[in-house]
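Per this note's numbering, the very first residue in the sequence shown carries number 1192; after that it's consecutive.
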Amino acid sequence: MKRTLSTELSQSVSQKVRVRGWFHSIRLLGKVNFLLLRDRGGIVQVVVQDKEQLRRVTSLQVGSVLAIEATVNASSQAALGVELIDPDITVEVPVTEVPPLEYNKPEIGSDLEVILDHRPVALRNVQIQAVFRIQAEIAHAYRLYMHDVVGASEYFAPNMIGASSEGGAEFFNVDYFGYTATLAQSSQLYKQMMVGVNERVFALMPFFRAENSNTARHLTEGKQLEFEMGFFDTWHEVMNIEEQVIKYIVKTLQERCARELAALGNPLIKAPETIPFPRLTFAEAQQLYFERTGKDDRNEPDLSPASERALCEWALEKHGTELVFVTDWKTEKRPFYSYPKPEDPTLTNTFDLLCAGTEITSGGQRRHTFDSMVEGIKMKGMDPNNFGDYLSIFKFGMPEHGGFGLGLERLTMTLLRLKNIREASLFPSDPKRIAGNRIKAKIYYGGENIRNEILRLLKMHEMEFKHLVHEETPTSEDSARVRGTALEDGVKAMIVRGKTSKRNFQFNIPSDRRLDMKAVADAVGEKCEFEDPAVISDRFGIIVGGVPPFGNLLNLDTYFDQSIAARAQVNFNCGLRTESILMRGPDLITLVAGKLGPFAKAG
Ligand code: ATP
Ligand code: MN
C-alpha cells in the first residue's frame, strides 16, 4: 500500500491507509492507548487497543521507525482532526537505547549547552525542528524574491581565497599545498565584480570569522544573504529592496509556517507590510538614544548593543514595526569601499538594519571609480598593490552601485526572538565549539583517550611520574591500599554542576577530606551540586572513580584545594579505575593550570 503523510490523512476519512514515521511517544491508559507517530508533516495519533499490537511497541524507545496500516477516523480531539484506529504495526527499525535527551517533549528542558552536546537528536525536537524549517523558508523566500521580483542573478563565489578580502578582520588560515590560504569572511569583492557582469546579483554565502567573540550573537561560521546592485537614482533604493525582501519573508512565514510558528508560541516579530521601516541617520539615532535613556553616547563611533535595543523599542512604540535603518555612518567606522557623502566626506552613504534589538545587516553605496577606491584603501592605511584583481574592475567601467549582507542566523534569531544565535545554527561553531562539538571534550572523550593525553603531557613536560596498572579501585581507600600510598596523598577529582547555569566545574581535594560546598559556590558564583554519575559517564566517557584531576582536558574550569600545591607526592586515577599516576603536587597544578582555594574541609 502507498504511504500517506500525516497531513493528507484528513482526505481519507474511513479509509484504510499506510503511514510511516518515527515512534514519538505512547500514553498507556489500559484499555485504550495513544501512540504518537512523527513524520515530516507532523504528528499523528494512533489508537491502540489490541494487546498484541500494544506488545509490539511497549518496549520501544523514541525514534523507532514504524510502518502502520490503519483506518482513518475523524476526531475533534486529535490535533490533525483525524486519528488512526485498528492499527497493524510493523517495527521497521527498533530503537532500544534511551536517547540522551527527552527530545519528544514539546520543549527540551535542558540548558542550551546540553542541547548542543546532543545536537543530532536534539534537532528532532518539534520546536527545534520548527526553527530550522523556518530558516529554510527564509532562505527560499529570499531566493524567490531576489530572482523573480528584483531580477537579480545568483552567483557562487569562492570560499577559500588567497589573501584577506577586506583587511582588518581576523581570518582562519588553511594549509593550501604549503601555501597559506584563508576562509572568506564575506564575498564583498566578488559581488561587486559581479555587478560589472549582471548588474543585480545575490547569493547565500558561507562566511568565516576568526573573532574570539563569546556573545549570544556571534558565530565563527555562518551564512550571509548577499545582495548588490548597479544603477540607481538614489542609494536609498538598496534599502528599499532590503525592506521589501524582509517584508516578503515575514509574509511567507505567516502563510507557510503557521504550524512551526505555533510550535514556538508564535514569536514572530512585528513588521507590518504597510509600515515603512523608519530611517534615522547615525547622528539622529545617537540623539534619540540620549533623549530616551539619558545615556550620552553621542561621541561614540558605534552603536552599543543597548542603543540597538532602545532604537528598536522606539521603532515599535512610535511606528509599530521592530525594524529600523540607521544611515550615514562615520567614515572611520566603515570599510574602505564605503562611498563618502559628497556633502560631508567624514560620513558615508552606508546603513545598518536593526531588527528586534540587534544588527542584522550592514550595507551601503560603494566607491565606484578607480581613483576613489585607491583613496579609500590608502585612507585605511592599506596598500593598493595588494588589491590587484579587485581594483582592476574599476578601470573597466563600474556604475554607481551598492548592496548589503544580511546574516541568515541573525535574521532567524531576531525574527523568532531566539535568545542565542546558536539556536539558529544547526551545528554552530564558536570559539568553544566547531560544527556543534565542544573543541576539547570531544578530543579527550573516554578514559583511554584521557589517560593517553595525560601521559603525553607528562612526558612532553619532562615531569617525574609513575604510571601504575592495578586492580579496579572504585574508592579512595581502595586506591591508597593498592598503590601503597597514604590516603591523604590521593587526589579526589569531583565534577559539580551549577544549580542555575547547569555548567560543570571540577574541584580536586585530598582524598581524606570533604568538598566544602560553600567555598565552591563562592568560587564559581553560584550554588553547586554533585553531577550525576550517569551524566558524567555520558558527557565525558569516564566512570566515576576514574575521573582524573585534569578538568582542563574536559573543557572544565578546574580548581584545586590549596594544600595540594604543597604535597611532594600526589596520586590519582588517570581516567580509568585500573590505572593511577603518582607525581608531584605542584607539577599537577602547573599542568592543569588550575585555580587554588580553600575547598576542602575535615572528612
Ligand atoms: P557585529 O558588529 O554585530 O559584530 P559586524 O558589523 O562585524 O557585526 P558585518 O561585517 O557588518 O558584521 O556583517 C554583515 C552581517 O553579517 C551582520 O549584520 C550580521 O547579520 C552578520 N554577521 C556578521 N558577523 C557575524 C557573526 N560573527 N556571527 C553571526 N552573524 C554575523
Ligand atoms: Mn556591521
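Note that the Cβ used here is the ideal one computed from N, Cα and C, for glycine as well.
Query	Result
Helix, strand or coil at Cys1719 [DSSP, three-state]	strand
Entirely enclosed beta strand (DSSP E) segments - the stretch 1754-1780, minimum 3 residues	1761-1764, 1770-1774
Boundaries (first-last residue) of the alpha helix (DSSP H) holding Val1248	1242-1249
Whether Phe1542 touches Val1517 by CB criterion (8 Å)	yes
Endpoints, alpha helix (DSSP H) assigned at Ile1727	1724-1731
Cutoff 7 Å; reference Val1317; Cβ partners in own chain excluding five residues on either side	Pro1297, Ala1454
Proximity winner among Ser1583, Ser1255, Pro1285, relative to Tyr1381 (alpha-carbon distances)	Ser1583
Burial state of Val1239, where buried means 16 or more other Cβ atoms lie within 10 Å	buried
Cβ-Cβ distance between Phe1751 and Asn1699 below 8 Å	yes
Reference Met1420; option with closest CA among Met1589, Ile1568, Ile1755, Arg1775	Met1589
Assigned secondary structure, Ser1356 (DSSP; H/G/I helix, E/B strand, else coil)	Because Ser1356 carries a pLDDT of 49, less than 50, the predicted location of this residue cannot be relied on, and no value is offered for it.
Pair within 8 Å by beta-carbon distance, Val1429 and Phe1595	yes
Beta-ladder partner(s) of Ser1529, from DSSP	Arg1557
Proximity test, Glu1550 beta-carbon vs the ligand MN heavy atom, cut-off 7 Å	yes
Per-residue burial, Glu1417 [other beta carbons within 10 Å of its own, 16 or more giving buried]	buried
Inter-stretch contact (C-beta, 8 Å, three-pair minimum) for the stretch 1636-1653 and the stretch 1759-1769	yes
Cut-off 6 Å between Cβ atoms - residues of its own chain near His1309, not counting five sequence neighbours on either side	Pro1291, Leu1292
Nearest residue (CA-CA) to Ile1164, options His1652, Val1673, Ile1734	Here the chain covers residues 1192 to 1794 and nothing more, so residue 1164 does not appear.
As assigned by DSSP and simplified to three states, the class of Arg1694	coil
Outcome for Lys1220 when other beta-carbon atoms lying within 10 angstroms are tallied against a minimum of 16	Lys is not the amino acid found at residue 1220; the sequence shown has Leu there. Leu1220 comes out exposed.
Residue burial classification, Tyr1370 (beta-carbon count within 10 angstroms, cutoff 16)	exposed
Same chain only: Cβ atoms within 7 Å of Leu1443, ignoring 5 sequence neighbours per side	The identity of residue 1443 in the sequence shown is Thr, whereas the question assumes Leu. Excluding residues within five positions, the ones whose Cβ falls inside 7 Å are Glu1328, Ala1332.
Gly1819 versus Asn1490 - alpha carbon distance	Residue 1819 lies beyond the residue range present for the chain, which begins at 1192 and ends at 1794; the question has no answer from this structure.
Within 8 Å, strictly: CB atoms of Val1253 and Val1286	yes
Inter-residue spacing [alpha-carbon to alpha-carbon] between Leu1609 and Thr1560	42 Å
Paired residues, beta bridge with Arg1218 - DSSP	Phe1225
Residue burial classification, Phe1473 (beta-carbon count within 10 angstroms, cutoff 16)	buried
Host alpha helix (DSSP H) of Leu1545 (start-end)	Counting along the chain, Leu1545 falls outside any alpha helix (DSSP H), though it belongs to the beta strand (DSSP E) covering 1541-1546.
heavy atom of the ligand MN below 7 Å from Asp1543 C-beta	yes
Backbone CA spacing between Leu1597 and Ser1616 [nearest angstrom]	15 Å
Cβ separation of Thr1539 and Thr1522, assumed to be a contact under 8 Å, to the nearest whole Å	5 Å
Per-residue DSSP class, three states only, for Leu1617	coil
Reduced DSSP category for Gly1579 - H, G, I as helix; E, B as strand; rest coil	helix
Distance cut-off 7 Å: Ser1553 Cβ against heavy atoms of the ligand MN	yes
N- and C-terminal bounds of the beta strand (DSSP E) containing Met1260	Looking at the sequence shown, residue 1260 is not Met but Glu. 1256-1265 is the span of the beta strand (DSSP E), which, as asked, contains Glu1260.
Other residues of its chain near Ser1796: CB distance less than 6 Å, five sequence neighbours each side excluded	The shown model of the chain, from 1192 to 1794, leaves out residue 1796, and the question about it has no answer.
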